[in-house]
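There are 2 protein chains.
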Amino acid sequence: MKIDIIPVFGNITREQLNGKLAVVFDVLRATTTIVTAVANGCKEVIPVVTVEEALAYAENQANVILGGERESLLIPGFHLGNSPLEYTSERVKGRTVVITTTNGTHAIRRAAQGAAKVIIGSFLNAGGVAKEVLRTESDVVLVCAGTRGKLSLEDTVAAGMVCRELAKIARGKEAFLPGSDLVVAACRLAGFYKEDPLPALKDSLHGQKLAALGFAEDLAFCSRLNSTEVTPVFRDGRIIVETE
Amino acid sequence: MKIDIIPVFGNITREQLNGKLAVVFDVLRATTTIVTAVANGCKEVIPVVTVEEALAYAENQANVILGGERESLLIPGFHLGNSPLEYTSERVKGRTVVITTTNGTHAIRRAAQGAAKVIIGSFLNAGGVAKEVLRTESDVVLVCAGTRGKLSLEDTVAAGMVCRELAKIARGKEAFLPGSDLVVAACRLAGFYKEDPLPALKDSLHGQKLAALGFAEDLAFCSRLNSTEVTPVFRDGRIIVETE
Numbered sequence: 001m002k003i004d005i006i007p008v009f010g011n012i013t014r015e016q017l018n019g020k021l022a023v024v025f026d027v028l029r030a031t032t033t034i035v036t037a038v039a040n041g042c043k044e045v046i047p048v049v050t051v052e053e054a055l056a057y058a059e060n061q062a063n064v065i066l067g068g069e070r071e072s073l074l075i076p077g078f079h080l081g082n083s084p085l086e087y088t089s090e091r092v093k094g095r096t097v098v099i100t101t102t103n104g105t106h107a108i109r110r111a112a113q114g115a116a117k118v119i120i121g122s123f124l125n126a127g128g129v130a131k132e133v134l135r136t137e138s139d140v141v142l143v144c145a146g147t148r149g150k151l152s153l154e155d156t157v158a159a160g161m162v163c164r165e166l167a168k169i170a171r172g173k174e175a176f177l178p179g180s181d182l183v184v185a186a187c188r189l190a191g192f193y194k195e196d197p198l199p200a201l202k203d204s205l206h207g208q209k210l211a212a213l214g215f216a217e218d219l220a221f222c223s224r225l226n227s228t229e230v231t232p233v234f235r236d237g238r239i240i241v242e243t244e
Numbered sequence: 245m246k247i248d249i250i251p252v253f254g255n256i257t258r259e260q261l262n263g264k265l266a267v268v269f270d271v272l273r274a275t276t277t278i279v280t281a282v283a284n285g286c287k288e289v290i291p292v293v294t295v296e297e298a299l300a301y302a303e304n305q306a307n308v309i310l311g312g313e314r315e316s317l318l319i320p321g322f323h324l325g326n327s328p329l330e331y332t333s334e335r336v337k338g339r340t341v342v343i344t345t346t347n348g349t350h351a352i353r354r355a356a357q358g359a360a361k362v363i364i365g366s367f368l369n370a371g372g373v374a375k376e377v378l379r380t381e382s383d384v385v386l387v388c389a390g391t392r393g394k395l396s397l398e399d400t401v402a403a404g405m406v407c408r409e410l411a412k413i414a415r416g417k418e419a420f421l422p423g424s425d426l427v428v429a430a431c432r433l434a435g436f437y438k439e440d441p442l443p444a445l446k447d448s449l450h451g452q453k454l455a456a457l458g459f460a461e462d463l464a465f466c467s468r469l470n471s472t473e474v475t476p477v478f479r480d481g482r483i484i485v486e487t488e
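Top line first, the protein sequences correspond to chains A and B. Numbering-wise (our numbering), the first sequence opens with residue 1 and increments by one. Numbering-wise (our numbering), the second sequence opens with residue 245 and increments by one.
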């Protein structure tokens with residue numbers, strides 16, 4: 001089986017996704033927030049691309065939480081921003097969360113155009129994702145959202161962490177072949193940041209921007225490696241936990 | 245001053261180059277070969293894109309060495325392949341070398357479309373390149389050739405080595421601001437491979453392909469960090485050493 005990493009989702013081709021398991025990473029902060037909302041028992045997360053779509057969804061349905069960001073900040077009229085710290089079980093349990101972010105929700109929808117299955121990745125569930133990857137029979141593509149159309153350190157390191165976790169648990173099983181040098185590079189980077197990815201988040205340009213905006217606590221939260229086993233799946237427009 | 249790294253030359257925009265110092269890396273093997281030919285006293289290297297251009301050049305001029313590769317192998321009718329080991333001073337001293345490779349010569353010509361100055365980088369002259377970078381007043385862009393349109397480990401690590409060398413010699417001087425997360429990632433990767441980049445070349449997909457083709461010795465040669473101070477400049481179609 002082959003594993004590959006796409007550094008920036010915008011450049012992905014249908015061929016790179018075709019029939020594969022895709023894992024999407026936008027660890028600062030969309031996918032971390034989604035994993036947190038799902039871990040905290042929300043009914044489903046609906047990732048949408050525009051603010052208008054989100055508002056229209058809420059108009060037609062009761063019990064909806066509107067979340068997301070533009071320029072990293074709360075969208076006027078929305079209940080929650082894009083900080084995972086806001087998505088507590090008190091707030092989200094049993095509810096539908098509609099979320100729109102600058103980058104991450106696009107990446108998820110883009111990955112769904114071709115992939116056989118799309119799961120949501122982050123540092124929080126890296127080990128859980130690796131287990132899910134190991135269960136699949138298909139090739140795997142780790143899709144990083146990136147920052148403003150360029151490779152982002154945090155997503156690349158998170159993809160690398162999944163590769164490291166895979167290497168840990170896959171001993172004796174069939175090895176994954178790296179589909180590109182970025183897989184090797186991401187593993188080395190993950191090895192550098194090892195058990196604590198917080199310094200990677202602090203080193204990253206987007207992490208520095210978030211810290212300057214007052215979201216330093218978010219970086220700490222987003223760096224919590226293997227704090228949950230949940231591996232949310234995006235299917236038919238909704239992100240849920242699939243039960244076997 | 246800003247420093248940035250472009251992972252794959254094909255995606256570079258004129259704006260990313262405009263007025264900057266560009267350093268081009270295709271360490272396996274075009275830029276290593278060019279640095280070696282220049283260090284061994286050739287009169288000039290003419291990088292051309294097609295085999296036909298190379299042949300036409302040789303027809304009109306005496307004393308020309310034709311070098312390069314297609315699919316990593318010697319081009320029929322050419323004198324030399326793309327191994328730096330072939331470009332000894334006995335072979336190239338005082339002569340014009342016309343070279344065409346699949347990737348590297350394109351990258352050099354592409355970088356010249358906008359950059360104020362283009363220099364040729366490799367592991368061999370990483371320290372010399374860093375000194376040249378430090379002398380410049382402009383922003384700097386490290387242009388990696390990449391492998392088949394994707395980030396390559398060897399070029400990224402070489403760019404990172406230049407950043408490390410810069411950090412070593414620039415102490416107390418104005419720091420370079422990273423223009424993207426890839427700069428941070430490349431520095432971390434260069435830190436991983438430290439004084440000996442040979443494992444990076446062995447880890448890379450293109451390095452493995454070259455080794456399988458019988459060019460394992462080339463990997464060792466291409467990994468010789470700081471073995472020359474020469475920093476060849478590409479100007480008006482020719483690569484030369486500029487004297488002050």
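The beta-carbon is built from N, C-alpha and C at its ideal position, and this holds for glycine as well.
- Message: I need the boundaries of the beta strand (DSSP E) containing T31 of chain A, first residue and last residue.
- Response: Walking along the first sequence from the start, residue 31 of chain A turns up at place 31. Here T31 of chain A belongs to no beta strand (DSSP E); instead the alpha helix (DSSP H) covers A30 to A39.
- Task: Between the Cα of C17 of chain A and those of A:V230, A:V241 and A:V118, spot the shortest distance and give me the residue it belongs to.
- Result: Counting from 1 along the first sequence, the entry for residue 17 of chain A is found at position 17. The sequence given here places Leu at residue 17 of chain A; Cys does not occur at that position. When only C-alpha atoms are compared, the closest one is A:V118.
- Item | Inter-residue spacing [alpha-carbon to alpha-carbon] between R314 of chain B and N11 of chain A | To locate residue 314 of chain B, count along the second sequence from 1; it is residue 70. To locate residue 11 of chain A, count along the first sequence from 1; it is residue 11. If I take the Cα positions, the gap works out to 27 Å.
- Query: So who's on the other strand from F415 of chain B, going by DSSP bridges?
  - Reply: Here the question's residue 415 of chain B lines up with position 171 in the second sequence. Correcting the residue type first, residue 415 of chain B is Arg in the shown sequence and not Phe. Looking at the DSSP assignment, R415 of chain B forms no beta bridge with any residue, so it has no partner.
- Query: Does the region 75 to 87 of chain A come close enough to the region 201 to 218 of chain A to have 3 or more Cβ pairs within less than 8 Å?
  - Reply: These segments touch.
- Task: Identify which residue in A:N40, A:I46, A:G41 and A:V23 has its Cα closest to the Cα of R238 of chain A.
- Result: Along the first sequence, one-based indexing puts residue 238 of chain A at 238. The option with the nearest alpha carbon to R238 of chain A is A:I46.
- Hey, could you find the ends of the alpha helix (DSSP H) L21 of chain A is sitting in? Here residue 21 of chain A refers to the residue found at position 21 of the first sequence. Per DSSP, L21 of chain A belongs to no alpha helix (DSSP H); it is in the beta strand (DSSP E), L21 to F25.
- Item | Within chain B, the residues that L151 of chain A reaches when beta carbons sit closer than 8 Å | To locate residue 151 of chain A, count along the first sequence from 1; it is residue 151. Under the 8 Å cutoff, chain B gives P251, L395, S424, D425, L426 and A429.
- What first and last residue would you give for the beta strand (DSSP E) that runs through R235 of chain A? Locating residue 235 of chain A in the first sequence gives position 235, counting from the first residue. It spans V233 to R235 - the beta strand (DSSP E) in which R235 of chain A sits, taken as one unbroken run.
- Starting from D248 of chain B and walking both ways along the beta strand (DSSP E), at which residues does that stretch end? Against the second sequence, residue 248 of chain B aligns to sequence position 4. Counting along the chain, D248 of chain B sits inside the beta strand (DSSP E) bounded by residues K246 to I250.
- Take V341 of chain B as the anchor and find which of B:E439, B:V279 and B:G393 has the nearest alpha-carbon. Locating residue 341 of chain B in the second sequence gives position 97, counting from the first residue. Comparing Cα positions, the closest option is B:V279.
- Message: For the pair the region 178 to 193 of chain A and the region 407 to 415 of chain B, tell me if three or more CB-CB distances fall below 8 Å.
- Response: Touching, no.
- Segment contact, 8 Å Cβ cut-off, at least three pairs: the region 350 to 367 of chain B with the region 473 to 481 of chain B: With the cut-off at 8 Å, the region 350 to 367 of chain B and the region 473 to 481 of chain B touch.
- Query: Roughly how many angstroms lie between the CA atoms of V24 of chain A and V384 of chain B, to the nearest whole one?
  - Reply: Within the first sequence, the letter at position 24 stands for residue 24 of chain A. Within the second sequence, the letter at position 140 stands for residue 384 of chain B. Put simply, the backbone Cα of V24 of chain A is about 32 Å away from that of V384 of chain B.
- Under 8 Å by Cβ, that's how I've got V293 of chain B and T257 of chain B pegged, so tell me the actual separation to the nearest angstrom. As a working mapping, residue 293 of chain B is identified with position 49 in the second sequence. As a working mapping, residue 257 of chain B is identified with position 13 in the second sequence. That belief does not hold up - the Cβ atoms of V293 of chain B and T257 of chain B are roughly 20 Å apart, past 8 Å.
- Task: Below 7 Å between beta carbons is the criterion; list the residues of the region 436 to 449 of chain B that meet it against any residue of chain A, in chain order.
- Result: Only those residues of the region 436 to 449 of chain B whose C-beta falls short of 7 Å from the nearest C-beta of chain A are listed: F436, D447, S448 and L449.
- Message: Quick check: the Cα distance between T276 of chain B and I484 of chain B, rounded to an integer number of angstroms?
- Response: By one-based count along the second sequence, residue 276 of chain B stands at place 32. By one-based count along the second sequence, residue 484 of chain B stands at place 240. Taking the straight line joining both Cα atoms gives about 14 Å.
- Message: Helix, strand or coil for C222 of chain A? Go by DSSP, reduced to three states.
- Response: As a working note, residue 222 of chain A is residue 222 in the first sequence. For C222 of chain A, the three-state secondary structure derived from DSSP is helix.
- Query: Taking the Cβ atom as the reference point for each residue, do A220 of chain A and L205 of chain A lie within a distance shorter than 8 Å?
  - Reply: Indexing the first sequence from 1 puts residue 220 of chain A at position 220. Indexing the first sequence from 1 puts residue 205 of chain A at position 205. It is not a contact, given that the beta carbons lie outside the stated cut-off.
- Task: Would you mind giving the Cβ-Cβ distance between G312 of chain B and T344 of chain B, rounded to the nearest angstrom? I have them listed as a contact below 8 Å.
- Result: Within the second sequence, the letter at position 68 stands for residue 312 of chain B. Within the second sequence, the letter at position 100 stands for residue 344 of chain B. About 4 Å; that satisfies the 8 Å criterion.
- Message: In chain order, what are the residue ranges of uninterrupted beta strand (DSSP E) at least 3 long that sit wholly in the region 94 to 138 of chain A?
- Response: The beta strand (DSSP E) runs lying completely inside the region 94 to 138 of chain A and spanning 3 residues or more are 96 to 100 and 117 to 121, given in chain order.
- Task: Compare the C-alpha of L21 of chain A against each of A:A158, A:P178, A:F192 and A:L134 and name the closest.
- Result: Residue mapping note: residue 21 of chain A aligns to position 21 of the first sequence, counting from 1. Of A:A158, A:P178, A:F192 and A:L134, the smallest CA-CA separation from L21 of chain A is found for A:L134.
- Task: Starting from T391 of chain B, find everything on chain A with Cβ-Cβ shorter than 9 Å and list it in chain order.
- Result: On the second sequence, residue 391 of chain B is found 147 positions in, with the first residue counted as 1. Result: S180 and D181.
- Report the residue from B:A370, B:S316 and B:M245 whose alpha carbon sits nearest the alpha carbon of A455 of chain B. Position 211 of the second sequence, counted from the first residue, corresponds to residue 455 of chain B. For the residues B:A370, B:S316 and B:M245, the minimum Cα distance to A455 of chain B belongs to B:S316.
- Can you list, in chain order, the residues of the region 288 to 318 of chain B whose Cβ is nearer than 9 Å to any Cβ on chain A? Under the 9 Å Cβ criterion, the region 288 to 318 of chain B contributes no residue.
- May I ask you to report which of helix, strand or coil DSSP gives C42 of chain A? Translated into the one-based positions of the first sequence, residue 42 of chain A becomes position 42. The answer is coil: DSSP assigns C42 of chain A none of H, G, I, E or B.
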